[in-house]
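**Q** Quick note on numbering: the sequence shown equals residues 31 to 195 in this note's numbering. Ideal Cβ placement from N, Cα and C applies to all residues, glycine included. Model, not experiment: these values are computed from the prediction.
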Amino acid sequence: MERHNPGRRRTADHLYASALSLARTGETFDRLRGLQGVEGEALLLVLEASRADGRSGVTESEPITPGRLGRELRLPSASVTAVVDRLERGGHLRRVRDTGDRRKVLLLPTEEAERAHTTYWGGLDERIVEVMERFSPEELSIVDRFLRGATAVTEGYRAEREEHP
Numbered sequence: 031m032e033r034h035n036p037g038r039r040r041t042a043d044h045l046y047a048s049a050l051s052l053a054r055t056g057e058t059f060d061r062l063r064g065l066q067g068v069e070g071e072a073l074l075l076v077l078e079a080s081r082a083d084g085r086s087g088v089t090e091s092e093p094i095t096p097g098r099l100g101r102e103l104r105l106p107s108a109s110v111t112a113v114v115d116r117l118e119r120g121g122h123l124r125r126v127r128d129t130g131d132r133r134k135v136l137l138l139p140t141e142e143a144e145r146a147h148t149t150y151w152g153g154l155d156e157r158i159v160e161v162m163e164r165f166s167p168e169e170l171s172i173v174d175r176f177l178r179g180a181t182a183v184t185e186g187y188r189a190e191r192e193e194h195p
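1) Which of helix, strand or coil does DSSP assign to Arg124?
2) Distance, Cα to Cα, Ser109 vs Asn35?
3) Check Val88 in the structure and name its three-state DSSP category.
4) Please say whether Leu50 and Leu117 have beta carbons closer to each other than 8 Å?
5) Would you kindly report the start and end of the unbroken alpha helix (DSSP H) that includes Pro96?
6) Bridge partners for Leu117 per DSSP, in chain order?
7) Pull up the distance between the alpha-carbon of Ser166 and that of Thr184, whole angstroms please.
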């Protein structure tokens, strides 16, 4: 089997184009919401953790803490504090004491942030579902398997690059 035949190259090109398009769409959301640097990614992690559906890759299904946010973003605590402060001042999230452990601070999205996220990304979700409806369950299973594999390879590659630039 030829590794770099035109069909495989075309599929890889479409995957990269899709990833770039999603990144640019996220950058547009960030710009429209006044988010800079890692603030958009931080807000996304807070939103996804509060929903506990695992879409963002957050591994625990409970509201996120500043410490966990720092681990997910690979930032030192002082940088996380600055990001959280900016997001809180901007009305995107709020700090809440954990009722089970008053020493623990949880980060929760504001209703406005949830509404803005749902409004902006909901239209894209609907359009992607429309595209998916053109495929049989068997075809979607293959696409799903491919995307999970590509994501795992990408995450592994990124981790290697962080260790050995």
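**A** Concretely, from the data shown:
1) strand
2) 45 Å
3) Caution applies to Val88, whose pLDDT of 47 falls short of 50 and renders its modelled position unreliable; the model cannot decide the point.
4) no
5) 96-103
6) None, per the DSSP bridge assignment.
7) 27 Å
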